[in-house]
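Remarks on the structure that follows.
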Amino acid sequence: MNQQAQGANPTPGPTAATGRQARLGWGEKLGYGLGDFGFNFYWTTIASFIAAFYTDVFGISAAAAGTMIFVTRIIDAFTDPMMGAIADRTKSRWGKFRPWLLFGGLPMAAAGVLTFTTPDLGEGGKLVWAYATYSVLMLFYTMLNTPYSALSGVMTASSQERTTLISARFIFAFTCGALVNKYTLPLVEYFGGGNEIRGWQMTLVLYGALAAIIFAVTFFTTRERIEPPASQAPTHPLRDIQDLLGNRPWIILFILAMVIMMTFTMRAGSAYYYFHYYVERPDLLSSYLFWQMIAYAAGAVLAPVMTRYIDKAKLLMLLMGTVGGLSVLFYFVPKDMIWAMFTLNILISLALGPKSPLTWSMYADTADYNEWKNGRRATAMTFSAATFAQKLGGSLGSAGMLWILAAIGYIAKEAQSGASQAGINLLQTAIPGAFALLAVVVISFYNLTGPQLQKIQDELDARADDAT
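For our numbering, add 12 to where a residue sits in the sequence shown, where the first one is 1.
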């Protein structure tokens with residue numbers, strides 16, 4: 013995006029509310045939330061199916077696929093702070109963050125199709141293709157998702173409004189995730205007619221087109237309201253990073269996001285192997301993942317209600333402790349007790365659902381904390397570095413799962429040994445549960461709570477009034 017485009021002030025999407033503490037209309041909340049519906053055509057497809065696509069369709073070994081995902085995601089993660097710095101310094105007549113959604117959808121769609129295209133190459137050629145296409149897709153994802161995430165931090169300064177706004181975002185995200193998990197494999201079969209390679213390619217054509225349209229809708233229905241303080245001089249991106257490293261609440265959230273994403277990605281990515289090779293009921297996979305996402309969405313709906321009665325950090329501790337305990341219990345479920353698997357999956361997902369709106373709302377709070385403490389606001393850098401943590405956790409979760417599969421002797425499309433089946437069971441149950449319990453320990457150190465947040469908001473409002 014051209015950072016020198018004319019006009020520095022954001023211009024309007026909808027004409028709803030104005031001011032730092034604006035109460036947003038439902039049209040704008042829904043327009044913003046719809047954006048993550050579009051992103052989940054990619055995010056959920058990757059989280060749930062990319063590992064199985066590489067090992068069982070493209071024909072890459074589990075160990076090589078794990079290393080590829082880890083390396084590319086680590087490299088991609090380092091682009092997040094760079095993109096945050098670029099977005100924070102973008103100047104256009106549409107604002108800092110919204111224009112990226114308008115112009116980035118089609119290039120990302122092309123990258124998605126290429127990632128799920130399988131040219132007839134040798135093992136080395138397949139790896140080169142996978143490294144290149146997956147890296148480009150993740151780069152475009154960063155270019156759009158970083159400004160999109162930061163947008164919620166400049167639409168309103170109200171902490172409760174942000175929680176509601178971000179809850180809307182993740183309700184849409186999990187709803188799309190449910191649909192993607194339910195219908196991706198049937199769409200592959202429908203488009204491919206028995207040819208998995210063509211089926212995956214055409215499914216991504218459909219997903220990419222829908223996502224590009226949705227991003228444009230989000231652009232037209234949202235508005236940026238909060239600008240950096242008038243007294244804030246231009247800063248170097250390294251100063252933004254230095255501010256983050258001195259922001260204790262943000263550091264704790266950084267570690268927390270990384271740990272929780274390992275829980276998410278291991279659960280999602282291992283489900284394919286769990287039902288194909290442990291339960292040996294692949295026909296149940298789509299329904300299992302569908303209800304998982306429906307429960308995530310239900311949890312996201314409950315988040316703003318629960319935060320009226322309990323502090324966000326305490327609520328997260330309670331929820332992640334529940335996830336950990338239920339996941340350990342899940343390990344002992346016999347492979348023929350399908351009802352127990354589905355019940356525990358729904359309960360675990362219901363407890364995990366509020367995590368996303370809670371933590372992203374808390375990231376916006378840490379951006380306010382930085383402005384209050386240092387007199388500087390770098391909203392996109394705050395959110396991009398948070399995405400950095402999520403990608404680190406996601407890469408470790410996905411790669412770790414594939415490395416464990418290689419270590420236990422997994423062989424694609426063959427009957428698995430007893431040791432391999434036991435390892436697959438651990439990947440779906442107790443190992444994600446252990447990371448959830450680790451998250452409880454991490455969040456116990458977070459101290460940016462209600463009374464301090466209110467004090468910060470009052471002082472920032474007073475500064476804004478003085479400036480005008």
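Each residue gets a CB set at the ideal place from its N, CA and C atoms; glycine is no exception. What you are looking at is a predicted structure, and each value in this text was computed from that prediction instead of being measured.
Extent of the continuous alpha helix (DSSP H) to which residue i belongs
i: Q428; result: Careful: Q428 lies outside any alpha helix (DSSP H) and carries neither H nor E.
i: D100; result: A74 to D100
i: A424; result: No alpha helix (DSSP H) contains A424, which DSSP labels as neither H nor E.
i: W112; result: R110 to T127
i: D380; result: K367 to N386
i: A169; result: Careful: A169 lies outside any alpha helix (DSSP H) and carries neither H nor E.
i: M278; result: R260 to Y285
i: K103; result: Element bounds for K103: n/a, residue is neither H nor E.
i: V453; result: A442 to I455
Within 8 Å, strictly: CB atoms of residue i and residue j
i: N382; j: T394; result: yes
i: G189; j: M273; result: no
i: A401; j: T67; result: no
i: P369; j: A312; result: yes
i: F186; j: Y286; result: no
i: A59; j: G206; result: no
i: L149; j: T127; result: yes
i: W262; j: T91; result: no
i: K403; j: R85; result: yes
i: T196; j: F61; result: yes
i: L46; j: F184; result: yes
i: S179; j: A315; result: yes
Buried or exposed by the 16-neighbour rule on C-beta atoms within 10 Å, applied to residue i
i: T233; result: buried
i: L472; result: buried
i: N357; result: buried
i: D132; result: exposed
i: Q440; result: buried
i: G19; result: Caution is warranted here: a pLDDT of 36 is assigned to G19, below 50, making its placement in the model unreliable, and no coordinate value can be reported.
i: R105; result: exposed
i: G462; result: exposed
i: P346; result: exposed
Residue i versus the options, residue with shortest Cα-Cα distance
i: T102; options: S298, K467 and E236; result: E236
i: D380; options: Y343, Y153 and S164; result: S164
i: G134; options: F70, A122 and T215; result: F70
i: R293; options: R85, D348, L327 and F109; result: D348
i: L250; options: L438, S361, I98 and L296; result: I98
i: F231; options: E40, I360 and E239; result: E40
i: I253; options: I178, L465 and M94; result: M94
i: W55; options: G445, G435 and T399; result: T399
i: Q469; options: Y153, W38, A169 and T57; result: A169
i: M344; options: M120, P463 and N437; result: In the sequence as displayed, the identity of residue 344 is Phe instead of Met. Minimum Cα distance to F344 is reached at N437.
i: R174; options: P119, Y153, T355 and Y44; result: Y44
i: L156; options: L197, T130, K194 and P111; result: P111
i: M120; options: G96, T154, G107 and G137; result: T154
i: R279; options: A352, L364, M374 and K385; result: L364
i: Y146; options: G116, G136 and I87; result: I87
Residue i Cβ short of 7 Å to the ligand NAP heavy atom set
i: T215; result: Ligands displayed in this structure: none; no statement on the ligand NAP is therefore possible.
Stretch pair the segment 264 to 273 + the segment 450 to 459: three plus CB contacts closer than 8 Å: In short, these stretches touch, since the Cβ pair count reaches three.
At least three beta-carbon pairs within less than 8 Å, the segment 413 to 424 to the segment 319 to 337: no
Three CB pairs or more closer than 8 Å across the segment 298 to 312 and the segment 423 to 434: Counting Cβ pairs under 8 Å, fewer than three are found: no touch.
Any 3 or more C-beta pairs closer than 8 Å across the segment 69 to 81 and the segment 138 to 151: yes
Three or more C-beta pairs below 8 Å linking the segment 331 to 342 and the segment 197 to 206: Taking 8 Å as the limit for Cβ pairs, the verdict is that the segment 197 to 206 does not touch the segment 331 to 342.
Stretch pair the segment 218 to 229 + the segment 48 to 65: three plus CB contacts closer than 8 Å: yes
The segment 337 to 345 contacting the segment 204 to 216, beta-carbon criterion three pairs below 8 Å: no
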